[in-house]
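Using the numbering used here, the first residue of the sequence shown is number 1, and each one after it goes up by one. Idealized CB from N, CA, C, for every residue including glycine.
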Amino acid sequence: LISQRYNTTVASLVSLNNITNPDAIEAGQVIKVSGDGASTPVTSPGPSYSASELDLFARLVSSEASWEPFQGQVAVAASVLNRVASSTYPNTISGVINQVVGSSYQYSPVLDGRINLPASESARKAVQEAINGSDPSLGATGFYNPRKTSNQWVRSQPVTTTIGNHVFFK
């Protein structure tokens with residue numbers, strides 16, 4: 001997120017700041033963003049969420065992707081956050097998760113009740129990683145398992161990446 005904000009690359013930030021682990025930058029840490037010595041404090045990566053909203057979010061990730069690799073779970077979480085950030089979708093996590101378009105739920109676990117099962121610890125960690133800015137979905141606003149859907153609309157969307165059994169799209 002810092003590299004995007006300052007129109008540079010992660011590799012450049014890592015090099016300029018002698019960072020050994022770019023996933024461990026902390027709020028308040030001063031980061032050089034150019035070779036001329038310019039620096040900026042790292043701020044919190046975004047809005048804060050209530051415990052109930054985080055629980056709902058983790059339950060969605062768990063019910064959609066608990067059998068997927070951890071990176072796939074983070075990607076599912078990131079795709080939800082990408083919807084929240086988009087003007088095309090509701091602007092809250094609960095709004096995105098519970099959205100119904102026409103007569104279709106956007107997430108099958110909401111329809112079939114799996115959303116009510118407790119979240120896995122892995123899903124909770126994946127949600128936190130996505131909130132902290134990780135987006136292995138590459139900006140996706142949706143995903144599907146090609147073995148589980150014949151929906152031609154999702155299959156016609158531009159693919160950003162495939163992780164595990166999920167195809168991510170914009």
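Between the alpha carbons of residue i and residue j, how many angstroms are there, rounded?
i: residue 20; j: residue 102; result: 48 Å
i: residue 120; j: residue 75; result: 16 Å
i: residue 77; j: residue 142; result: 10 Å
i: residue 131; j: residue 111; result: 25 Å
i: residue 88; j: residue 33; result: 32 Å
i: residue 100; j: residue 117; result: 20 Å
i: residue 85; j: residue 126; result: 18 Å
i: residue 97; j: residue 104; result: 12 Å
i: residue 66; j: residue 166; result: 12 Å
i: residue 129; j: residue 81; result: 11 Å
i: residue 144; j: residue 106; result: 11 Å
i: residue 83; j: residue 9; result: 24 Å
i: residue 93; j: residue 51; result: 12 Å
i: residue 53; j: residue 154; result: 26 Å
i: residue 7; j: residue 95; result: 31 Å
i: residue 146; j: residue 48; result: 33 Å
Please return the same chain residues whose Cβ sits closer than 8 Å to the Cβ of residue i, not counting the five positions on each side in sequence.
i: residue 114; result: 63 and 108
i: residue 136; result: 71, 72, 74, 75, 78, 161 and 163
i: residue 25; result: 2, 19, 31 and 42
i: residue 14; result: 22
i: residue 183; result: Nothing about residue 183 can be read from this structure; the chain reaches only from 1 to 170.
Could you tell me if residue i is buried or exposed, where buried requires 16 or more neighbouring beta carbons within 10 angstroms of its beta carbon?
i: residue 68; result: buried
i: residue 30; result: exposed
i: residue 23; result: exposed
i: residue 18; result: exposed
i: residue 123; result: buried
Closer than 8 Å to a non-hydrogen atom of the ligand GTP - does that hold for the CB of residue i?
i: residue 48; result: Although the ligand GTP was asked about, the structure shown includes no ligands whatsoever.
Give me, in chain order, the residues of the same chain whose beta-carbon lies closer than 7 Å to that of residue i; leave out the 5 immediate sequence neighbours on both sides.
i: residue 170; result: 139, 140, 141, 157, 158 and 160
i: residue 91; result: 84
Whole beta strand (DSSP E) elements within the segment 28-113, 3-residue minimum: 30-32 and 39-41
Does the structure place the segment 54-63 close enough to the segment 134-153 that three or more beta carbon pairs sit under 8 Å? no
In chain order, which continuous runs of the beta strand (DSSP E) of length 3 or greater are located wholly inside the segment 116-143? none
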